[in-house]
Amino acid sequence: MPSQSVDVIVLGAGIVGVSAALALQARGRSVALVDRLQEAAGETSFGNSGIVQTEGVLPYVFPRAVGEVARAAFNRDPRAHMRYGALPSIAPAIWRYFQASTQAKQHATGKVMAPLMFAAAAEHLKLAKDAGASALLRSGGWIKAYRSARGKDLAQAEVEELKPFGVKAIFLDRAGLTELEPHVGEKAIGGVHYAEPLSTSDPAKLIQSYAALFVQRGGRMERGDALSLEPSASGWMVTTEKGRLAARDVVIALGPWSDELARRFGLRLPFFVKRGYHMHYEAKGNAGLTRPVLDLERGYLVTPMARGLRLTTGAEFGRRDDPPSPAHLERVEPYARELFPIGARKDSAPWLGRRPCLPDMRPIIGPFPGKPGLWLDFGHHHLGLTLGPITGRLLAELVTGETPFVDPAPFKAERFGA
Ligand SMILES: Cc1cc2nc3c(=O)[nH]c(=O)nc-3n(C[C@H](O)[C@H](O)[C@H](O)COP(=O)(O)OP(=O)(O)OC[C@H]3O[C@@H](n4cnc5c(N)ncnc54)[C@H](O)[C@@H]3O)c2cc1C
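Residue numbering for the sequence shown follows numbering that gives the first Met the number 0, beginning at 0 and increasing consecutively.
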């Protein structure tokens, strides 16, 4: 017999699960948030770059030009890193990612993502205000800095591509760049300033404040293994440290681990992860940054965090559970020392996170095909911090039968033939 029951159990207390739990609670549902960790935001949501990246309407795509593919394949492009040992198992997913990376498909995704992206900052601001955490969200946008005429062309092309989606950008020459960020090294000759996005100096603290708001509003946070999920007479059941917990509805929001549970119930998806690392550094002297800055041509980012200057790497293609490797960070760190005022490393080892991805770079939001009461909310790839709250709203609208604020069809699992 179940010891307790609630209306909805949300599995996974990263930004996606916490946000879904809050949105369901706001619609009058009793909700329990279950995670194997003690605290919220202990995994991917912990160590990201902290940008509420509202300009990121067009998803990152796999290179299609032969030269670029070759550079990526031979680890000559520091923006990505390939773990060759993992290739036999990840090749099918990368192939599907490659196939979904045409400009037409990228733009189709841009079109369906735009309404979510443009509403994303407002959802964060509202949650942060209610959680008493507004100070953790800063305005001022972020900058993509370039080193060469080629980099400038790339930046310009991207700005042109984003214009039809309503994304605004400001071009900076070297003087404009140093006016905003005086300590960016002279190898950066200019940049593009996306002024509207928000960023945070501590993603984990921000999300933990959202989780505290959920508890303050009567939500339950429990430790338990999501893989204990099983059907029950009244819906679904999960075993937690405090006993068995039943609910009519269950949301799978396990980020990079979601696929494992989905497969147990018969749903096979072309799911993969893009791994990424971070490292904190002392700032040199009185130098620093006031907002995130990307080294566009080298593909890593440096951002001011509460703990120090945080460098985050681009995508490492490997298996989710492969051990961490220092290789990608070591490839980009020398470039970062050219451009940013970073001193000694502050962490004993690089932190590793895993971006949960689907080939079309859209999350899956909606019902689990053929399993009434089971819901999917994962695959937020490079943009989970940005999209967590707004996709939480969409998911909650679907669960409670409200009219969704956007068409949910492009986010259904069925698009992969499920
Ligand atoms: C280097 C890097 C930089 C990034 N920068 C940005 C950025 O600037 N802006 C942005 O929007 N996004 C960014 N992202 C992406 C973003 O961090 C992710 O998309 C987001 O954190 C995914 O959140 P999630 O809640 O889906 O997953 P997670 O945060 O991983 O949460 C999943 C939860 O499930 C729990 N769990 C797993 N298995 C079980 C189980 N069996 N039982 C119980 N619980 C379980 C885990 O403990 C975890 O708490 C970045 C990612 C990386 C790696």
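We put the CB at the ideal spot given by N, CA and C, even for glycine.
- Three or more beta-carbon pairs separated by less than 8 Å link the region 201–220 to the region 44–52, which places the two stretches in contact.
- Annotation: Arg216 to Gly13 spans about 18 Å, alpha carbon to alpha carbon.
- Remark: C-beta atoms of Arg28 and Thr399 approach each other more closely than 8 Å.
- Taking non-hydrogen atoms of ligand 1 into account, the C-beta of Glu42 is found less than 7 Å away from one of them.
- According to the DSSP assignment, Pro230 belongs to the beta strand (DSSP E) that extends over Glu229 to Ser231.
- Inclusion of Pro255 and Arg336 in the CB contact set at 8 Å is not warranted, their separation being larger than that value.
- The Cβ neighbour count for Asp152, taken over all protein chains shown within 10 Å, is under 16; the residue is labelled exposed.
- Around the CB of Arg146, 16 or more other CB atoms lie within 10 Å, so the residue is classed as buried.
- Sorting Phe377, Gly184 and Lys104 by C-alpha distance to the C-alpha of Val292 places Gly184 at the top.
- Looking only at Gly383, Tyr280 and Arg330, the smallest Cα-Cα distance to Asp346 is reached by Tyr280.
- Here Arg173 carries a helix assignment [DSSP, helix/strand/coil].
- Taking C-alpha positions only, Phe404 is separated from Gly317 by approximately 36 Å.
- The beta carbon of Phe213 sits no closer than 7 Å to any heavy atom of ligand 1.
- Ala156 and Pro230 have their C-alpha atoms roughly 51 Å apart.
- Three or more beta-carbon pairs separated by less than 8 Å link the region 109–125 to the region 384–401, which places the two stretches in contact.
- With a cutoff of 8 Å on beta-carbon distance, Ala252 and Val15 are scored as near each other.
- Of the residues Gly372, Gly383 and Gly287, the one whose Cα lies closest to the Cα of Leu357 is Gly383.
- Ser233 sits away from Leu135, with the two beta carbons spaced by 8 Å or more.
- Ile8 and Asp248 have their C-alpha atoms some 6 Å from each other.
- Around the CB of Ser257, 16 or more other CB atoms lie within 10 Å, so the residue is classed as buried.
- Ser48 has its CB nearer than 7 Å to a heavy atom of ligand 1.
- The beta carbons of Pro202 and Val272 sit no closer together than 8 Å.
- A direct Cα-to-Cα measurement between Ala79 and Val56 gives close to 20 Å.
- By the Cβ test, the region 155–175 is not in contact with the region 300–308, since fewer than three Cβ pairs between them sit closer than 8 Å.
- DSSP, reduced to helix, strand and coil, places Tyr59 outside both helices and strands of the structure shown, so it counts as coil.
- Counted as a single uninterrupted DSSP element, the alpha helix (DSSP H) harbouring Gln215 occupies residues Pro202 to Gln215.
- Pro409 and Gly352 have their C-alpha atoms some 27 Å from each other.
- Under the three-state reduction of DSSP output, Ile188 falls in the coil class, being neither helix nor strand.
- Assignment of beta-bridge partners to Pro303 by DSSP yields Leu308.
- Nearest C-alpha to Ala194 among Gly139, Tyr334 and Ala174: Gly139.
- At least 8 Å separates the beta-carbon of Gly218 from that of Leu36.
- The closest CA to that of Ala314, considering only Pro303, Gly11, Thr302 and Leu328, is found on Leu328.
- In this structure, Arg354 has its beta carbon less than 7 Å from a heavy atom of ligand 1.
- Cβ atoms of Met360 and Thr108 come within 8 Å of each other, at about 6 Å.
- Secondary structure note for Val33: its beta strand (DSSP E) is the uninterrupted segment Val30 to Asp34.
- With a cutoff of 7 Å, Gly13 counts as near ligand 1, since its C-beta is closer than that to a heavy atom of the ligand.
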